[in-house]
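**Q**
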Amino acid sequence: MKIALGTDQKSVLYDEVVKYLSKNEIEYEDFHNDNNNWCDVGIKVGESISKQFCNEGILLCSTGTGVAIAANKVKDIRAVSCCNSKMTKMAKYWNHANVLCIGIQFVNISDLNEILDSWFSTPYGNGEAGYAIDTLHDYELSIRG
Numbered sequence: 001m002k003i004a005l006g007t008d009q010k011s012v013l014y015d016e017v018v019k020y021l022s023k024n025e026i027e028y029e030d031f032h033n034d035n036n037n038w039c040d041v042g043i044k045v046g047e048s049i050s051k052q053f054c055n056e057g058i059l060l061c062s063t064g065t066g067v068a069i070a071a072n073k074v075k076d077i078r079a080v081s082c083c084n085s086k087m088t089k090m091a092k093y094w095n096h097a098n099v100l101c102i103g104i105q106f107v108n109i110s111d112l113n114e115i116l117d118s119w120f121s122t123p124y125g126n127g128e129a130g131y132a133i134d135t136l137h138d139y140e141l142s143i144r145g
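End of the sequence shown = 145 in full-length UniProt numbering, gap-free, step of one.
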């Protein structure tokens, strides 16, 4: 498993994600920038997954929303902004989310660790959600070729 990690601004929460990944021996590639350009970092992380250089992604920005919007412009990316572990678990299982986006102004360190535990312990669901994921994939093919 290789994670594409990015943020548009360094923060304590970002440093905690790096610590979590290192502690759990999860390989990652760092795509952060310090110029507050959430579009650039969201697209770079999304492309690294779409091109199969990385398996999943974690993005951080002030709200988690901007980087999610940017990453979702990339083919086959399903980026979600989550603020608790239950939302994270459901997004990964039911929606096959492959990029976790976190708002640094809305998540504390304790919640962050629960969110990350939930992300890495939850498998992608099968069967029940498969038709919806297929529908999204077919739609992407129809508009992008």
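Don't be surprised by glycine CBs; every beta carbon is placed ideally from N, CA and C. Fair warning: this is a prediction, and the values are worked out from it, not measured in the lab.
Please go through the same chain and pick out, in chain order, the residues whose beta-carbon is closer than 7 Å to the beta-carbon of CYS83, but skip the five residues on each side of it.
**A** GLY103, PHE106 and VAL107, listed in sequence order.
**Q** Excluding five sequence neighbours on each side, which residues of the same chain lie with their C-beta closer than 7 Å to the C-beta of TRP38?
**A** Contacts found: ASP8, CYS61, GLY66, VAL67 and ALA70.
**Q** If you draw a straight line from the C-alpha of GLY42 to the C-alpha of ASP30, how long is it?
**A** 12 Å
**Q** May I ask which residues mark the beginning and end of the beta strand (DSSP E) holding ILE49?
**A** Careful: ILE49 lies outside any beta strand (DSSP E), inside the alpha helix (DSSP H) at 38-50.
**Q** With a threshold of 8 Å on Cβ separation, who are the neighbours of ILE3 within its own chain once the five nearest residues in sequence on each side are excluded?
**A** LEU21, ILE26, GLU27, TYR28, GLU29, CYS54, ASN55, GLU56, GLY57 and ILE58
**Q** Can you name, in chain order, every residue of its own chain whose Cβ lies under 8 Å from the Cβ of ASN35, other than the five neighbours on each side?
**A** ASP8
**Q** Once the 5 residues before and after CYS101 are set aside, which same chain residues still bring their CB inside 6 Å of it?
**A** LEU59, GLY64, VAL67, ALA68, ALA79 and SER81
**Q** If you measure between the beta carbons of LEU13 and ILE143, is that distance less than 8 Å?
**A** no
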